[in-house]
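Under numbering that gives the first Met the number 0, residue 367 is the last one in the sequence shown; the count climbs by one each step, no gaps.
Here a beta-carbon is modelled for each residue, glycine too, at the ideal position from N, C-alpha and C.
For reference, the structure is listed below as structure tokens.
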Amino acid sequence: MRILVCGGAGYIGSHACAVLAERGHDLLVADNFINSSPRVLGRLRRITGRPVFFQQADLRVRADVDALFEGPHFDAVVHFAALKAVGDSCRRPLAYFENNISGTIHLLQAMQAAGAKRLVFSSSATVYGDPDSVPVREDAALRTTNPYGRTKLVMEQLIGDLCESDPSFRAANLRYFNPVGAHPSGLIGEDPGGVPDNLMPYVSQVAVGRRARLQVFGGDWPTVDGTGVRDYLHVMDLARAHADAIDYLVGEDRSLTVNLGTGRGVSVLELVQAFARASGCAIPYEIVARRAGDVAQVYADPSLAQRLLGWRAELDLDAMCRDAWRWQSTNPDGYGKAAVEQAAVEQAAVEQAAGETALHEWAALAAG
Ligand code: NAD
Ligand code: UD1
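What follows is the structure, encoded as structure tokens:
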């Protein structure tokens with residue numbers, strides 16, 4: 000199939016590209032690199048052994064989005080492109096609403112105009128807020144606690160309303176729990192800018208020596224060891240679910256909303272211990288006050304995804320830590336954005352030129 004991957008240069012999008020390419024799909028990646036590096040594209044080429052078609056596009060700009068649909072018809076669109084940092088969204092709510100919601104409206108408008116009617120959407124466990132009980136099922140109450148979460152909920156609703164209004168439009172809302180880990184090659188992985196907000200990238204940076212110690216937010220939660228419990232899942236398992244969701248949308252011709260998690264809760268200290276084992280590095284930590292807005296435990300009931308998609312997470316916590324460590328230890332500065340800003344800008348120009356060539360080749364695919 001021909002698939003448009005919006006936000007395909009990002010953490011989860013790049014891993015999904017690797018899996019989709021491996022399944023033989025032709026991909027057009029669209030991104031504006033607002034939170035990613037053009038270097039990802041070269042790495043993806045190395046992983047897949049195939050050209051990665053790329054077009055620079057900002058989903059906030061309707062003309063950019065329309066241009067994506069000027070070439071061959073897309074059998075499916077995967078929509079990863081969003082801003083995702085909770086704290087940042089509290090400081091800049093309008094930027095989040097503009098980027099995430101207007102970007103999604105433009106994409107849906109362009110899909111409708113082009114007759115592209117299969118969408119896989121990156122939703123999040125954030126739509127459950129602080130759930131009444133765990134494991135969380137898809138029919139749990141939806142209530143978000145921050146602007147980022149509200150954009151995700153509104154995006155789900157926009158997509159749901161479009162499906163209602165056009166009975167031939169099909170969407171898969173995939174509610175991710177806590178994606179971690181990296182591609183087994185160590186060539187792509189998570190590269191947060193600045194100080195990581197999330198646990199696994201912070202732990203990785205402590206292990207590699209970029210940060211002195213982890214602060215554990217709260218040791219008095221009502222959990223197994225007093226620290227917060229979450230449902231960490233390997234990004235390669237998550238990536239596979241996107242390919243399965245596309246098969247479902249096309250094969251079953253129905254929409255769906257599913258949780259993607261392992262169904263297993265892991266505490267902060269359990270993760271720290273597993274990472275220390277996988278990396279052979281000590282992870283110094285101190286227990287500090289709870290983080291505002293945190294909850295004790297959130298983990299998924301992933302049985303609906305298994306029933307509908309035949310999907311279940313296969314990789315365990317040790318594999319998540321091993322692969323995160325391979326990526327972090329071989330790329331201690333990630334894609335090196337901060338260190339070599341200029342080189343990245345030059346690389347972007349090269350990738351843009353390659354993308355333009357790629358677009359001609361892409362158009363030739365349609366003609367041929
Ligand atoms: P990411 O920031 O690494 O990837 C997002 C990509 O989208 C980046 O490459 C960014 O440059 C691009 N992008 C953002 N706005 C854009 C725009 N206006 N135009 C073009 N490109 C744009 O994030 P990620 O962790 O890969 O997350 C992907 C998706 O999954 C997001 O929608 C996020 O909300 C969702 N999600 C992520 C997590 C997580 O823990 N990582 C959990 C649940 C849901
Ligand atoms: C994050 C997102 C949330 C999203 C979810 C799943 C934030 C603030 N929230 O929350 O919107 O739905 O992922 O993608 O980004 N921890 C520490 N020290 C740290 C970092 C984290 O102790 O330096 C603890 C937290 O208190 C929590 C656990 O580690 O108990 C996981 O934290 P994190 O990785 O931020 O994930 P979520 O809290 O689930």
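Would you please verify whether the beta carbon of VAL287 is less than 9 Å from any beta carbon of chain D? Absent from the structure is chain D; it holds one protein chain and no more.
Taking PRO134 as the reference, which of GLN296, GLY9 and ASP317 has the closest Cα? Taking the sequence shown and counting its residues from 1, the one referred to as residue 134 is at position 135. Per the Cα distances, GLN296.
Run of the alpha helix (DSSP H) containing SER13, from where it starts to where it stops: Counted from its first residue, the sequence shown places residue 13 at position 14. That run of the alpha helix (DSSP H) goes 10-21.
Apply the 10 Å Cβ neighbour rule to SER266 and answer buried if 16 or more other Cβ atoms are within range, or exposed otherwise. Position 267 of the sequence shown holds residue 266. So SER266 ends up on the buried side.
Leaving out five residues before and five after ALA275 in sequence, what residues of the same chain have Cβ atoms less than 6 Å from its Cβ? As a working note, residue 275 is residue 276 in the sequence shown. Exclusion of the five residues before and after ALA275 leaves ILE282 as the residues of its chain whose Cβ lies within less than 6 Å of its Cβ.
Looking at PRO71 and the ligand ADP, is the gap between the Cβ and the nearest heavy atom below 8 Å? With respect to small molecules bound, the structure shown includes the ligand NAD and the ligand UD1 and not the ligand ADP.
State yes or no: is the C-beta of SER302 nearer than 8 Å to some heavy atom of the ligand UD1? One-based indexing of the sequence shown puts residue 302 at position 303. Not so, every heavy atom of the ligand UD1 lies at least 8 Å from the Cβ.
Alpha carbon to alpha carbon, how far is LEU173 from LEU314? Translated into positions along the sequence shown, residue 173 becomes position 174. Translated into positions along the sequence shown, residue 314 becomes position 315. C-alpha separation (whole angstroms): 19 Å.
How would you call HIS105, buried or exposed, if buried means at least 16 neighbouring beta carbons within 10 angstroms? Here residue 105 corresponds to residue number 106 of the sequence shown, with the count starting at 1. Label assigned to HIS105: buried.
CB of CYS320 to nearest heavy atom of the ligand NAD: below 8 Å? As a working note, residue 320 is residue 321 in the sequence shown. No; taking the cut-off as 8 Å, the Cβ of CYS320 has no heavy atom of the ligand NAD nearer than that.
From which residue to which residue does the alpha helix (DSSP H) around ALA369 run? Limits of the chain in this structure are 0 at one end and 367 at the other, which puts residue 369 out of reach.
Under 8 Å Cβ to Cβ from ILE318, same chain only, skipping five residues before and after it: list those, please. Within the sequence shown, the letter at position 319 stands for residue 318. The question names Ile, but residue 318 is Ala in the sequence shown. These residues qualify, in order along the chain: GLY180 and HIS233.
Any contact of the region 46-60 with the region 93-111, i.e. 3+ C-beta pairs under 8 Å? yes
Could you check if GLN305 belongs to the surroundings of the ligand UD1, using beta carbon to heavy atom distance under 8 Å? Numbered from 1 along the sequence shown, position 306 holds the residue referred to as residue 305. No heavy atom of the ligand UD1 is found nearer than 8 Å to the CB of GLN305.
Answer yes or no: the CB of VAL447 versus the heavy atoms of the ligand UD1, is any distance below 8 Å? Since the displayed the chain opens at 0 and closes at 367, residue 447 lies outside it and no answer follows.
Out of curiosity, what's the CA-to-CA distance linking GLY185 and ARG90? Along the sequence shown, one-based indexing puts residue 185 at 186. Along the sequence shown, one-based indexing puts residue 90 at 91. If I take the Cα positions, the gap works out to 34 Å.
Cutoff 6 Å; reference SER121; Cβ partners in own chain excluding five residues on either side: Position 122 of the sequence shown holds residue 121. Answer for SER121: PHE79, listed in chain order.
Three-pair Cβ contact test at 8 Å for the region 226-242 versus the region 258-273: yes
Tell me whether the region 203-222 and the region 150-169 touch, counting them as touching only if at least three CB pairs, one residue from each stretch, are closer than 8 Å. Remark: fewer than three beta-carbon pairs, one from each stretch, lie closer than 8 Å, so the region 203-222 and the region 150-169 are not flagged as touching.
How about ALA109 and PHE68: do their beta carbons lie closer than 9 Å? Working through the sequence shown from its first residue, we reach residue 109 at position 110. Working through the sequence shown from its first residue, we reach residue 68 at position 69. Yes; because the gap between Cβ atoms is below 9 Å, this pair is in contact.
Run the proximity test for ASP196: is its beta-carbon closer than 8 Å to any non-hydrogen atom belonging to the ligand UD1? Walking along the sequence shown from the start, residue 196 turns up at place 197. ASP196 Cβ: within cutoff of the ligand UD1.
Where DSSP assigns a beta bridge to THR125, which residues make up the other side? The sequence position of residue 125 within the sequence shown is 126, counting from 1. Paired residue(s): none; THR125 is not in a bridge.
Assign HIS72 to buried or exposed, taking buried as 16 or more other Cβ atoms, counted over all protein chains shown, within 10 Å of its Cβ. Here the question's residue 72 lines up with position 73 in the sequence shown. So HIS72 ends up on the exposed side.
I'd like the span of the beta strand (DSSP E) that includes GLN287, first residue to last. Locating residue 287 in the sequence shown gives position 288, where the first residue counts as 1. Inspection of the sequence shows that residue 287 is occupied by Val rather than by Gln. It spans 284-287 - the beta strand (DSSP E) in which VAL287 sits, taken as one unbroken run.
Determine the burial state of GLN341: buried for a count of at least 16 other Cβ atoms within 10 Å of its Cβ, exposed for fewer. Position 342 of the sequence shown, counting from 1, holds the residue named residue 341. Per-residue confidence for GLN341 stands at a pLDDT of 49, beneath the threshold of 50, marking its modelled position as unreliable; the derived number appears in the next sentence. GLN341 should be labelled exposed.
Report yes if the CB atom of VAL85 is closer than 9 Å to the CB atom of ALA244, and no otherwise. Indexing the sequence shown from 1 puts residue 85 at position 86. Indexing the sequence shown from 1 puts residue 244 at position 245. No, these two residues do not count as a Cβ contact at 9 Å.
Across which residues does DSSP place THR256 in a beta bridge pair? What you label residue 256 is simply residue 257 of the sequence shown in a count that begins at 1. In DSSP, THR256 forms a bridge with ASN172.
Between the Cα of ARG142 and the Cα atoms of ARG136, ASP129 and ARG321, which residue gives the shortest distance? Mapped onto the sequence shown, residue 142 falls at position 143. ARG142 has its Cα closest to that of ASP129, out of ARG136, ASP129 and ARG321.
Simplified DSSP assignment, three categories, for GLN341: One-based indexing of the sequence shown puts residue 341 at position 342. The predicted position of GLN341 is uncertain, since its pLDDT is 49 and thus under 50; a value taken from the coordinates is nonetheless stated next. Helix.
Rounded to the nearest angstrom, how far is the Cβ of ARG117 from that of ARG169, given a contact under 8 Å? On the sequence shown, position 118 is the one that residue 117 refers to. On the sequence shown, position 170 is the one that residue 169 refers to. Between ARG169 and ARG117 the Cβ distance is about 5 Å, and since that is below 8 Å, they are a contact.
Cα separation between ALA338 and PRO191? As a first step, residue 338 must be located in the sequence shown, where it is residue number 339. As a first step, residue 191 must be located in the sequence shown, where it is residue number 192. Annotation note: pLDDT 44 at ALA338 (below 50); position unreliable, coordinate value reported separately. Answer to the nearest angstrom: the Cα atoms are 14 Å apart.
Go ahead and pull the three-state DSSP assignment for TYR334. Translated into positions along the sequence shown, residue 334 becomes position 335. DSSP places TYR334 in coil when its eight states are reduced to three.
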